[in-house]
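Colleague: Protein chains in written order, with my numbering: chain A, 1 to 509; chain B, 1001 to 1509. Glycine included, each C-beta is placed from N, C-alpha and C at the ideal position. As the structure is a prediction and not an experimental result, all values here were calculated from the model. Here it is, the structure in full.
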């Protein structure tokens, strides 16, 4: 399908369409970094965010960055952006690794011209809604987690000032995410910001005696430290525990997924695995745990956002190590603090295609969700079926590109909205990186993977074509009306290498 | 004194003389890095160093780099350089963090034109001797440890290929120094090389199952992995234990140094400290240990190369943490492997003046040695009194510049060679960064430190001027004959900021 992507987009620039997934023409040298010099005994502590902003001398048109490890409990983006609003700055680009409902303040800043650009790997809630309605001046750029690190490192996203929420911090700006009242675990999405921004500001509510340890971000890249009352609401930061689904439909999908994994031939000693924090994804992990114990197979690593369920598998000895870019629950935070084989992983190490080898490149199996899938196995996790932005790739496109086996697990429809469509509303993850779709009413295999099809036949594992699966679905839901959009491009779905996989247009209500 | 430094040096270029120690005119942006891209499943393992060299396509005139964490037991530099010789490459610059007697092979490579440049922070043995004799085509550049990281990061030293001796390694190039038969501890001097070289090659004798942990250098910067029989001789890598001196003269110096520290007013709760691995330096640590216990004062951190003696003080709770750039003995390696508060420290974090705050900038007290000191407190640790190169700054100039109190501990003369001279043979560390000289026959205080002089008077601590101390010394040794040199510049003593503190001329035998 022609995604109807123009060659030039106002407020974005020239467009290179996503083609070859490993396109050398897109490689750039990494950006240089401005160096600074402070004399011995230099004091980095400042009284307030306002004082830092004045000292940095932030200008109209600047790009400021934030990480999302405090998730929907984050106070830092709001604290900084409301100071920026007070200063009367205009035309600011917010490069936040993700944007959540708690960041609703941005809607006002979009409407009053303080913020005219957004670059992020995921957004949901009122800000995503405002962008979908065309209220942001420039198109929002939706990146992958690995692509965001790449974009920063290659200078496409030049950050004037990075504001790093720091659960644990000392007076010289050594930072971790495992101490303090806002402990959130790994800080993988903040590393590129800390290493490439012109100025780096640690914002903390917990200054410990120097030196803080462990140190995930170190003082040699941090310029200012500000103590505030609270950087986040623990209730929104991590859930107590993430849970395996109890829904029988979800359990059926997980059980069928396990059969796919077993038939794939990849479950050998030392295999690697990634799954999400959702109920079905965790149910797959549970199935896998049982299978590994029964078959006495041990894996090498699990990567990604890490949950207590995965920690438990590692602590039982089923996996040698965890590569953690963000902790999803308190058990994961606890393990990240205690276990030497629970390893930090920057977004660069996780999924940047332009380095000497990211972790996703070595992944055997990834289990992912989807909002929509089309007949070419293209996946949408960016927009809802109403055309509004409600997510973004995060690590979806990164892991799909790297893993030997990418399995989408999803119900075939929910509330009469079908999973499988002729065309996805937004192309987030290219179909050639997606291998199998498992639903409660059948499993479809990408015809590009004849090797898998052969394996499934050999093991008598039932599967169908995606067209057949769509027919099953259509009997229940009918064909939904297409989303009505006008010409205005409100956001760009950028593939991990910096090319454009799709554009998102303004929804007509 | 005019150090007689020309404005332009053939084989080096324009000279900026060391002036202001924090000269903003010398700041540069960091260099960009060439990015690479490998497809999923890419194999980094190669059969031999020769195979890697062919694949990298190294050219005449290239710069190759090495770290010195295997010290005088290192095999890796020799293995790589002999392959480079076999390939017939010419005009190679060796950017090794230090060069030891075990690297004697370089003398042949210098003489046959394979190697025409050397950049290092320290050199001793036959290679230093050959350089002193003017056999290397271009002047060797002697850097500080922090300055070497700066030079690499700012692109002054562009590394075509970094060869990283890797005591522990996995198939994707994750590296540490704490596992394997050549375990050497921290790898602080290899970090800038790994992050900025065009190609990074891990050379190991111990491939472990993926993923290796802990990871000091990660796979996202490593391009090739080669397994060889042995990367080093454990006997030359670390000593069993480093020892406090038993020499009464050394013990007297240590005891008098302790009085200086106590009088300085710096020994307060949370103070920081660095000392070397030599016998007198360790005797100072022992005095300090006793004082801290008696006075119930605890420190924050000890930095630098770390010894078992310092580990013991940390494990007793006298210091909160250690910042370790290299481990000097097996006890330090053991602690670095086990203790979470024994922290890794890159050379950049250690002493680079051009970042957001190096550890030396926050150091209260450093204890250093000296070969010569002049009447302006300038220190030479680069050349012997015969004018031959036998060392280099290492971290000497970095720590002196950063610490609030820099104390030189040394015998006043040894074998009729005096410590104090009218002019140092080579100016390694500028006198304005040196505060006190403690010898067995008296203590001299830099007149720039009137505050210290006042403190010493208040505490009735005896001290003298450096001229007085020189008079004492001259009575024993007489004034030695000046070293005879010709005009040829054989090496450059580069200050940490990239300026030139001195030149070293060819010795006339």
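Would you check if there are 3 or more beta carbon pairs closer than 8 Å linking the stretch 239-259 of chain A to the stretch 303-319 of chain A?
Modeller: Flag = yes, the stretch 239-259 of chain A and the stretch 303-319 of chain A touch.
Colleague: Roughly how many angstroms separate the alpha carbons of residue 279 of chain A and residue 439 of chain A, rounded to a whole number?
Modeller: 14 Å
Colleague: Residues of the stretch 209-234 of chain A in Cβ contact with chain B at a cutoff of 8 Å, in chain order, please.
Modeller: Hits within the stretch, in order: 209, 210, 211, 213, 214, 215, 218, 219, 220, 221, 222 and 223.
Colleague: Compute the minimum distance between the beta carbon of residue 1227 of chain B and the heavy atoms of the ligand GTP, and state whether it is under 7 Å.
Modeller: Questions concerning the ligand GTP fall outside what the structure shown contains, since it holds no ligand whatsoever.
Colleague: Residues in the stretch 1024-1049 of chain B with C-beta within 9 Å of chain A's C-beta atoms, listed in sequence order?
Modeller: Taking a C-beta cut-off of 9 Å against chain A, the contacting residues of the stretch 1024-1049 of chain B are 1024, 1026, 1027, 1028, 1029, 1030, 1031, 1032, 1033, 1034, 1035, 1036, 1037, 1038, 1039, 1040, 1041, 1042 and 1044, listed in chain order.
Colleague: Counting along the chain, where does the alpha helix (DSSP H) carrying residue 1130 of chain B start and finish?
Modeller: Per DSSP, residue 1130 of chain B is one residue of the alpha helix (DSSP H) stretching across 1126-1132.
Colleague: Tell me the rounded alpha-carbon separation between residue 109 of chain A and residue 488 of chain A.
Modeller: 21 Å
Colleague: Can you give the Cα-Cα distance for residue 1014 of chain B and residue 1494 of chain B, rounded to whole angstroms?
Modeller: 13 Å
Colleague: At the level of alpha carbons, what is the spacing between residue 376 of chain A and residue 437 of chain A?
Modeller: 12 Å
Colleague: Looking only at DSSP bridge pairs, what is residue 243 of chain A linked to?
Modeller: The partner list for residue 243 of chain A (beta bridge, DSSP) is empty, contrary to what the question assumes.
Colleague: Can you give the Cα-Cα distance for residue 1250 of chain B and residue 1283 of chain B, rounded to whole angstroms?
Modeller: Taking the straight line from one Cα to the other gives about 8 Å.
Colleague: Could you give the first and the last residue of the continuous beta strand (DSSP E) run that contains residue 1093 of chain B?
Modeller: 1092-1096
Colleague: Could you list which residues in chain A have their beta carbon closer than 9 Å to that of residue 1449 of chain B, in chain order?
Modeller: Simply none; closest approach about 14 Å.
Colleague: Show which residues of chain A have a CB atom less than 8 Å away from the CB atom of residue 1154 of chain B.
Modeller: Going along chain A in sequence order, the residues near residue 1154 of chain B (Cβ under 8 Å) are 35.
Colleague: Going along chain A in order, which residues have a C-beta closer than 7 Å to the C-beta of residue 1201 of chain B?
Modeller: None at all; the shortest Cβ gap to chain A is about 11 Å.
Colleague: Beta strand (DSSP E) containing residue 319 of chain A: first to last residue?
Modeller: 319-327
Colleague: Taking DSSP as the reference, what is the three-state secondary structure of residue 1470 of chain B?
Modeller: helix
Colleague: Check residue 1110 of chain B in the structure and name its three-state DSSP category.
Modeller: helix
Colleague: DSSP puts residue 383 of chain A in a beta bridge; with which residues?
Modeller: A:389
Colleague: Where do the ends of the alpha helix (DSSP H) carrying residue 452 of chain A lie?
Modeller: Residue range 450-458 is occupied by the alpha helix (DSSP H) that includes residue 452 of chain A.
Colleague: On a CA-only basis, which of A:34, A:31 and A:115 is nearest residue 135 of chain A? Give me that one, please.
Modeller: A:115
Colleague: With a threshold of 16 other CB atoms inside 10 Å of the CB of residue 397 of chain A, please say whether the residue is buried or exposed.
Modeller: buried
Colleague: By DSSP, does residue 1100 of chain B sit in helix, in strand, or in coil?
Modeller: In the structure shown, the three-state DSSP call for residue 1100 of chain B is coil.
Colleague: Could you have a look at residue 1038 of chain B and say whether DSSP puts it in helix, strand or coil?
Modeller: coil
Colleague: With distances taken Cα to Cα, identify the nearest neighbour of residue 1286 of chain B among B:1269, B:1300 and B:1261.
Modeller: Comparing Cα-Cα distances from residue 1286 of chain B to each of B:1269, B:1300 and B:1261, the minimum goes to B:1261.
Colleague: Counting along the chain, where does the alpha helix (DSSP H) carrying residue 256 of chain A start and finish?
Modeller: 248-263
Colleague: Does the Cβ-Cβ distance between residue 205 of chain A and residue 222 of chain A come in under 8 Å?
Modeller: no
Colleague: If you follow the beta strand (DSSP E) that residue 195 of chain A is in, where does it begin and where does it stop?
Modeller: If you look at residue 195 of chain A, you'll find it isn't in any beta strand (DSSP E); it sits in the alpha helix (DSSP H) that goes 191-196.
Colleague: From residue 458 of chain A to residue 1078 of chain B, what does the alpha carbon distance come to, in whole angstroms?
Modeller: 54 Å
Colleague: How far does the beta strand (DSSP E) with residue 1423 of chain B in it reach, from first residue to last?
Modeller: Segment: none, residue 1423 of chain B is in no beta strand (DSSP E) and carries neither H nor E.
Colleague: If you run the structure through DSSP and keep just helix, strand and coil, what is residue 1491 of chain B?
Modeller: strand
Colleague: Looking at C-beta atoms only, is the number of pairs between the stretch 307-326 of chain A and the stretch 1181-1198 of chain B that lie closer than 8 Å three or more?
Modeller: As far as the Cβ criterion goes, the stretch 307-326 of chain A does not touch the stretch 1181-1198 of chain B, which means the pair count is below three.
Colleague: Buried or exposed, going by whether 16 or more other CB atoms sit within 10 Å of the CB of residue 45 of chain A?
Modeller: Residue 45 of chain A should be labelled exposed.
Colleague: Could you have a look at residue 1476 of chain B and say whether DSSP puts it in helix, strand or coil?
Modeller: helix
Colleague: Within 10 Å of its beta-carbon, does residue 1382 of chain B have 16 or more other beta-carbons around it, so buried, or fewer, so exposed?
Modeller: Flag for residue 1382 of chain B reads buried.
Colleague: Secondary structure at residue 1178 of chain B, three-state DSSP: helix, strand or coil?
Modeller: coil
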